[in-house]
Each structure stands twice: as C-alpha cells, then as structure tokens.
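Structure first, commentary second.
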Amino acid sequence: MGKKILVKVNEDKCYLCGGCAGVCPTLAIEVSSSWHFLEDKCISCMICIKACPVGALTYEEVSQ
Ligand code: SF4
Ligand code: SF4
Numbered sequence: 001m002g003k004k005i006l007v008k009v010n011e012d013k014c015y016l017c018g019g020c021a022g023v024c025p026t027l028a029i030e031v032s033s034s035w036h037f038l039e040d041k042c043i044s045c046m047i048c049i050k051a052c053p054v055g056a057l058t059y060e061e062v063s064q
C-alpha cells in the first residue's frame with residue numbers, strides 16, 4: 001500500500017490560478033475564491049504538487 005498524503009497550500013504563494021485543480025485526476029482540489037482540499041477524494045498521486053507554477057503546494061504523509 002502506498003503512502004497517503006495531505007496536500008497543503010501556502011496561501012501567501014497561491015494566486016488561485018486553478019492549475020492544481022485542473023490536473024487532479026480525482027477532483028480532490030477545488031479553487032474558487034479560496035483553495036480547498038477534499039481529503040476523501042485524494043489518491044496521493046502528487047501530480048498537483050509538481051504542477052503548481054509557484055510551488056505553493058506541499059504535503060504531509062499520514063498513516064492510513
Ligand atoms: S495528490 Fe493527486 S489526487 Fe491528491 S489532490 Fe493532488 S493531484 Fe489530486
Ligand atoms: S496551481 Fe498553485 S497557485 Fe494555482 S491554484 Fe493551485 S496551489 Fe494555487
């Protein structure tokens with residue numbers, strides 16, 4: 001079983017471009033007037049973290 005992660009946003013860096021939400025295969029990120037992570041939908045693929053153009057996303061590993 002792979003690791004499970006919680007994705008976190010640095011609100012000082014995030015400019016709400018929606019790029020991370022656009023690449024997430026399971027729609028686990030919603031971006032509108034703020035950034036939201038839907039933990040139950042996340043499959044811990046890390047695509048969003050690599051996709052953010054300003055490095056606003058980080059993650060924390062959690063036990064499952
Ligand atoms: S790690 Fe993958 S599944 Fe989870 S929010 Fe990021 S892109 Fe979506
Ligand atoms: S890709 Fe980065 S800057 Fe754009 S909404 Fe996501 S976290 Fe914010």
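Okay, so the sequence shown: first residue is 1 according to our numbering, each after it adds one.
In this text, a Cβ means the ideal position worked out from N, Cα and C, and glycines have one as well.
Just so you know, these numbers come straight off a predicted model, no measurement behind them.
Asked: Nearest by alpha-carbon distance to C24: which of C48, C52 and V7 is it?; Found: C48
Asked: Tell me which residue opens and which closes the beta strand (DSSP E) that I43 is part of.; Found: Premise fails: I43 is in no beta strand (DSSP E) and is neither H nor E.
Asked: Measuring only from the beta carbon, is C45 closer than 6 Å to any heavy atom that is part of ligand 2?; Found: no
Asked: Going by the beta-carbon positions, is the gap between K4 and V62 smaller than 7 Å?; Found: yes
Asked: DSSP three-state label for K50, please.; Found: helix
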